[in-house]
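*Asks:*
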Amino acid sequence: MNKPQMRNSAFILLALEDAKDFFRHNGESLSEILYMVGGDSALDLFCEVRERLEELQPHPQVLRDELKKMMRILESADDPGHALSPSLRWHGARLTDLSAAL
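Residue numbers for the sequence shown follow the numbering used here, beginning at 106 and rising by one.
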């Protein structure tokens, strides 16, 4: 089966809008948890992604890679006994969905 070289731009635009909505509605809790588990560097990454999403033409591949970095930060802190575990998993799952769409 032949795979297209570029993904359908309409799907990419929808994925970017979904990511923007997620950051708009859940950005505060995501930034807090990233900071708690990853410190300043994780918070800097969050700010970079948020700024990229506000660009006129954000680059989907770059955003996908940065969302995956956020996921790895959350995964590294997830421990079943950790008080933040449900929040880590919820945010991680959502980041996984967003990055897969891009």
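For every residue, glycine included, the Cβ atom is placed at its ideal position computed from N, Cα and C.
Can you tell me where the alpha helix (DSSP H) holding residue 165 begins and where it ends?
*Replies:* First-last of the alpha helix (DSSP H) with residue 165: 165 to 182.
*Asks:* Skipping 5 residues on each side, what residues in its chain have a beta carbon closer than 8 angstroms to that of residue 187?
*Replies:* Correct list, in chain order: 193.
*Asks:* Specify, as a first and last residue, the run of the alpha helix (DSSP H) that residue 187 falls within.
*Replies:* Element bounds for residue 187: n/a, residue is neither H nor E.
*Asks:* Between 131, 113, 205 and 115, which lies nearest to residue 173 when the distance is taken from Cα to Cα?
*Replies:* Ranking 131, 113, 205 and 115 by Cα distance to residue 173 puts 205 first.
*Asks:* Could you tell me the alpha carbon to alpha carbon distance between residue 141 and residue 168, rounded to whole angstroms?
*Replies:* About 22 angstroms.
*Asks:* I need the straight-line Cα distance from residue 124 to residue 180, nearest angstrom please.
*Replies:* Spanning the two alpha carbons is a distance of roughly 20 angstroms.
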